[in-house]
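Enquirer: In numbering that gives the first Met the number 0, the protein residues as written are 0 to 138.
No residue lacks a Cβ here, since even glycine has one placed at the ideal position from N, Cα and C.
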Amino acid sequence: MHNCSTFIIHCMDFRLINKTKEWMNKNDLIGDCDVVSIAGSSKDLVDGSKEVQDFILKQINISYNLHNARKVVLIHHSDCGAYKATYSFPDAEAEFAQQLEDMNAAEEIIKNCFENIEVKKIWAEMKDPHGDEVEFAEL
Numbered sequence: 000m001h002n003c004s005t006f007i008i009h010c011m012d013f014r015l016i017n018k019t020k021e022w023m024n025k026n027d028l029i030g031d032c033d034v035v036s037i038a039g040s041s042k043d044l045v046d047g048s049k050e051v052q053d054f055i056l057k058q059i060n061i062s063y064n065l066h067n068a069r070k071v072v073l074i075h076h077s078d079c080g081a082y083k084a085t086y087s088f089p090d091a092e093a094e095f096a097q098q099l100e101d102m103n104a105a106e107e108i109i110k111n112c113f114e115n116i117e118v119k120k121i122w123a124e125m126k127d128p129h130g131d132e133v134e135f136a137e138l
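(1) Give the DSSP-derived three-state secondary structure of Asp90 in the structure shown.
(2) Do Asn115 and Arg69 come within 8 Å of each other at the CB atom, strictly closer than that value?
(3) Around the Cβ of Gly39, are there at least 16 other Cβ atoms within 10 angstroms (buried) or fewer (exposed)?
(4) Is Lys42 buried or exposed, if buried means 16 or more other CB atoms sit within 10 Å of its CB?
(5) Can you look up Phe33 in the DSSP assignment and give me helix, strand or coil?
(6) Lys119 by DSSP, collapsed to three states: which one?
(7) Rounded to whole angstroms, what is the Cα-Cα separation between Ile8 and Met23?
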């Protein structure tokens, strides 16, 4: 059996792929995690269709049972198109507040479905519109 420590859900936004990989490398997760890339990260686990929610939970379940992952990392980011397509935010603080609310709700859903699982929430703050400079912070 192949084991990994962590299951990561991050946004598919191409602007963040390189910086997300750098963050994963810095945190010793390359080669020790399963990864799912989906628009809005865990947004659809909270407010998506039942089919999409089931898909996300199925991916976590596979990692949990097949690879023994006992940590889920939710990586959300500023200037997210999936969120902007759903909401009209007056400012960046409102976007962050909505995403934090969704991450907290996703954490609750995950913990209710899986025993002995840790959930970490990571915020990736884009410092420029191209993703050349991104600051990652654990919430």
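Expert: According to the data block:
(1) Correct three-state label for Asp90: coil.
(2) It is a contact, given that the beta carbons lie within the stated cut-off.
(3) Buried.
(4) Answer is buried; the Cβ neighbour count reaches 16.
(5) Here residue 33 turns out to be Asp, not Phe, going by the sequence shown. Asp33 falls in the strand class under three-state DSSP.
(6) Strand.
(7) Within the model, the alpha-carbon separation for Ile8 versus Met23 is close to 12 Å.
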